[in-house]
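**Q** Dropping the structure in here first, questions after.
Number of protein chains: 2
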Amino acid sequence: MVNSNAFEPAVSMMTRQQQKQKTRRAIIDAAFNLLDEQRSLSSVSLREVARAAGIAPTSFYRHFKDIDELGLTLVDEAGLALRQLMRQARSRIDAGGGVISTSVNTFMEFVVSNSNEFRLLLREHSGTSPAFRAAVLREIQHFIEELTDYTASHTGLNRQLASLQAEAMVKLVFSAGAEAIDATVAQRKEHAQRLNQQLRFIARGAAFYASK
Amino acid sequence: MVNSNAFEPAVSMMTRQQQKQKTRRAIIDAAFNLLDEQRSLSSVSLREVARAAGIAPTSFYRHFKDIDELGLTLVDEAGLALRQLMRQARSRIDAGGGVISTSVNTFMEFVVSNSNEFRLLLREHSGTSPAFRAAVLREIQHFIEELTDYTASHTGLNRQLASLQAEAMVKLVFSAGAEAIDATVAQRKEHAQRLNQQLRFIARGAAFYASK
DNA sequence: TAAATTAGCGCACAACTGTACGCTCAAATT
DNA sequence: AATTTGAGCGTACAGTTGTGCGCTAATTTA
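If you're matching them up, the sequences are chains A and B in order. Each step along the first sequence adds one to the number in our numbering, with nothing skipped, and position 84 is 116. Each step along the second sequence adds one to the number in our numbering, with nothing skipped, and position 76 is 108.
Given below as structure tokens:
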């Protein structure tokens, strides 16, 4: 029962589609909230999600064919959130500030404030479901491509080197994010600094090979 | 029943401890074999392991308190195997061949021929069990320290830079291993080459910052 | 040789899972 | 106003899980 309060007029104001969307949202949000540091998609049961969303187990099927279909939706949502973040980061860079440190800071912000979303990507990246792995890989590949484009156009690096550099950087950034996710504020700052320096190693190294 | 053949003298030749060790091995091996691309430690049930090991579910408790205790054993074994590999790689390097390419090749060999062990480390690195995550992290940290020592003594790099470099390299290597694990032979070769070049970026970059 | 230890077993149980089926009743369509 | 649609529910069922308990039978110890 999504709304059992007979005195709430807002419900009667909702069309069927609106109501369905609302329940769908409740399911998705409930699932994200279940994905804390102790749970993964494969360990969350349909019944649990339904319980958290406040619907009957069987009602779940009105929205998703599977738990897996819900999982893909979650991966897509998390990936989208990250992509939006990247755009935001780029705009900050244009407004001044180093490319690397701005990106690192923005990324770390995301990891902290959307930890369940990031955790999802992290886990399913090496998880047991080939479909989820593929979905996460697509998101990461997207990242790498965007960074490759940015690098190629802003540094004049040849495209192959730019791609190698972008790939290495994204991998390091994700690795650092994984460590940051259950670190203290102080540790996180430390990690961010190390990451910064390591990214500079890569940039320098790529620049060196470009000049040969 | 480990051996129900009354006409097999080898059994009667075994002491109780030997027999117990054998069963313990059977459990561990069974667990490793269950950890294919579709299964993770948390999705493998005690009963499944027992079934695969050919013992009754309740007999499992004669050897491990928990499934988790078995898990930690598996992580330790896999980490040990990797460490032994590193030693082997170092001896190959001393016998000639580049540090980077030799290490990369050795690592890739391990990933291919011990894929279930590597998968375990990979998954539990970002898995749901804090204890497993910590165990894997210890193994990786061990890796980084060894590489730091090696780098510091063979390149004269200052210790902080050597540590940064080693950390970045290990992370990239693990990332590449993750991709290699379900790749074709041709893709793997491609990945190895990219990884090689990326590691050189890092080495060059670190060298650059050392000379400032 | 007698007694103690113990690896392994079968049985039992409560908890939980996914999902099939048919119902309700409000919204949408005709 | 009459009909169709469909989101959500309750019941039900077979399957699987972890684990407590007490037994057997063989090795080890005394």
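Every residue gets a Cβ at the ideal spot worked out from N, C-alpha and C, and that includes glycine. Since the structure is predicted, the reported quantities are computational estimates derived from the model, not experimental observations.
Helix, strand or coil: how does DSSP classify methionine 140(B) here?
**A** Note: methionine 140(B) maps to helix in three-state DSSP.
**Q** I'd like to know whether the C-beta of glycine 237(A) is nearer than 7 Å to at least one C-beta of chain B.
**A** Closer than 7 Å to some Cβ of chain B, the Cβ of glycine 237(A) qualifies, so yes.
**Q** As a quick exercise: from Arg220(B), Gly188(B), Ala218(B) and Tyr182(B), pick the residue whose alpha carbon is nearest that of valine 131(B).
**A** Checking every option, the nearest Cα to that of valine 131(B) belongs to Tyr182(B).
**Q** Return the residue from the list Leu117(B), Ile59(B), Gly111(B) and Arg115(B) that minimises the CA-CA distance to aspartate 98(B).
**A** The residue with the shortest Cα to Cα distance from aspartate 98(B) is Ile59(B).
**Q** Sorted by chain position, which residues of the same chain lie with C-beta nearer than 8 Å to leucine 169(A)'s C-beta, five sequence neighbours on each side aside?
**A** Closer than 8 Å at Cβ, skipping near neighbours: His157.
**Q** Can you tell me where the alpha helix (DSSP H) with glycine 270(B) in it begins and where it stops?
**A** Any answer about residue 270(B) is impossible in this case: the structure gives chain B only from 33 up to 244.
**Q** Check the Cβ-Cβ distances between serine 158(B) and every residue of chain A, and say whether any is below 7 Å.
**A** Chain A, which has a Cβ nearer than 7 Å to the Cβ of serine 158(B), makes this yes.
**Q** Out of Phe139(A), Gln173(A), Gln197(A) and His223(A), which has the shortest C-alpha to C-alpha gap to phenylalanine 233(B)?
**A** When each option's Cα is compared against that of phenylalanine 233(B), the closest is Gln197(A).
**Q** Serine 185(A) lies in the alpha helix (DSSP H); which residues open and close that run?
**A** First-last of the alpha helix (DSSP H) with serine 185(A): 162–187.
**Q** For the putative contact between glycine 159(B) and arginine 165(B), defined by C-beta atoms under 8 Å, what is the C-beta separation to the nearest angstrom?
**A** Correct: roughly 6 Å between the Cβ atoms.
**Q** Let me know the alpha helix (DSSP H) ranges lying completely inside the stretch 45–107 of chain A, each 4 residues or longer, listed in chain order.
**A** Fully enclosed alpha helix (DSSP H) runs of 4 or longer: 48–66 and 78–85.
**Q** If contact is defined by three or more beta carbon pairs under 8 Å, each pair taking one atom from either stretch, is the stretch 170–177 of chain A in contact with the stretch 110–118 of chain A?
**A** As far as the Cβ criterion goes, the stretch 110–118 of chain A touches the stretch 170–177 of chain A, which means the pair count is three or higher.
**Q** Of all the CB atoms in chain B, is at least one closer than 7 Å to the CB of arginine 170(A)?
**A** Cβ-Cβ to chain B under 7 Å: no for arginine 170(A).
**Q** Residues in the stretch 202–227 of chain B with C-beta within 7 Å of chain A's C-beta atoms, listed in sequence order?
**A** Listed by position, the residues of the stretch 202–227 of chain B near chain A (Cβ gap below 7 Å) are Lys203, Leu204, Ser207, Ala210 and Arg226.
**Q** Rounded to the nearest angstrom, what separates threonine 47(B) and leucine 78(B) at their Cα positions?
**A** Answer to the nearest angstrom: the Cα atoms are 26 Å apart.
**Q** Residues of chain A with a CB under 8 Å from the CB of asparagine 175(B): which are they?
**A** Strictly speaking, residue 175(B) in this sequence is phenylalanine, with asparagine absent from that position. Near phenylalanine 175(B) there are no residues of chain A at all, since even the closest Cβ is about 13 Å away, more than 8 Å.
**Q** Using a Cβ cut-off of 8 Å, pull out every chain A residue sitting near glutamate 199(B), in sequence order please.
**A** Neighbours of glutamate 199(B) on chain A, chain order: Arg226 and Gln230.
**Q** So which residues of chain A does leucine 154(B) contact, with C-beta pairs closer than 9 Å?
**A** Ordered by position in chain A, the residues that pass the 9 Å Cβ test against leucine 154(B) are Ser158.
**Q** Beta-carbon separation of phenylalanine 96(B) and alanine 82(B) under 7 Å?
**A** No, the pair does not count as a contact, with Cβ atoms beyond the cut-off.
**Q** What number of angstroms, rounded off, separates the C-alpha of alanine 184(B) from the C-alpha of leucine 104(B)?
**A** Those two C-alpha atoms are separated by around 32 Å.
**Q** Spell out whether any CB of chain A is found under 7 Å from the CB atom of arginine 191(B).
**A** So no, arginine 191(B) is outside the interface.
**Q** Round the Cβ separation of leucine 227(B) and alanine 208(B) to the nearest angstrom and send it over; I've been treating them as touching at under 8 Å.
**A** Yes, they are in contact, since the Cβ atoms of leucine 227(B) and alanine 208(B) sit about 4 Å apart, within 8 Å.
**Q** Please state whether DSSP places asparagine 228(A) in a helix, a strand or coil.
**A** Reduced to three states, the DSSP call for asparagine 228(A) is helix.
**Q** Candidates Ala121(A), Phe142(A), Ser145(A) and Val143(A): which alpha carbon is nearest threonine 134(A)'s?
**A** Of the candidates Ala121(A), Phe142(A), Ser145(A) and Val143(A), the one whose C-alpha sits nearest the C-alpha of threonine 134(A) is Ala121(A).
**Q** Report the residue from Gln70(B), Gln51(B) and Asp108(B) whose alpha carbon sits nearest the alpha carbon of alanine 163(A).
**A** Residue Gln70(B) is the option with its Cα nearest to alanine 163(A).
**Q** DSSP state of isoleucine 216(B), grouped into three classes?
**A** Looking at the sequence itself, residue 216(B) is threonine, so the reference to isoleucine does not match. If DSSP states are grouped into helix, strand and coil, threonine 216(B) belongs with coil.
**Q** Quick one: list the residues of chain A neighbouring serine 75(B), beta-carbon separation under 8 Å, in chain order.
**A** What serine 75(B) touches in chain A: Ser74, Ser75 and Thr160.
**Q** Rounding to the nearest angstrom, what Cα-Cα distance links serine 75(A) and isoleucine 213(A) in this structure?
**A** Near 20 Å, if we compare the C-alpha coordinates of isoleucine 213(A) and serine 75(A).
**Q** Just the chain A side, please: which residues come within less than 9 Å of arginine 56(B) by C-beta, in chain order?
**A** Under the 9 Å cutoff, chain A gives no residues; its nearest Cβ is about 26 Å from arginine 56(B).
**Q** Short of 8 Å Cβ to Cβ, which residues in the stretch 110–130 of chain A face chain B?
**A** Within the stretch 110–130 of chain A, no residue has a Cβ that lies closer than 8 Å to any Cβ of chain B.
**Q** Please report how far the alpha carbon of threonine 55(B) lies from the alpha carbon of arginine 119(B), in whole angstroms.
**A** The straight-line gap from Cα to Cα measures roughly 30 Å.
**Q** Looking at valine 205(B): is its Cβ nearer than 7 Å to the Cβ of phenylalanine 139(B)?
**A** Yes, Cβ-Cβ distance for valine 205(B) and phenylalanine 139(B) is below 7 Å.
**Q** Secondary structure at glycine 159(A), three-state DSSP: helix, strand or coil?
**A** Of the three classes helix, strand and coil, the one that applies to glycine 159(A) here is coil, per DSSP.
**Q** Using a Cβ-Cβ distance cut-off of 7 Å, determine whether arginine 71(B) contacts chain A.
**A** Answer yes: the Cβ-Cβ gap between arginine 71(B) and chain A drops below 7 Å somewhere.
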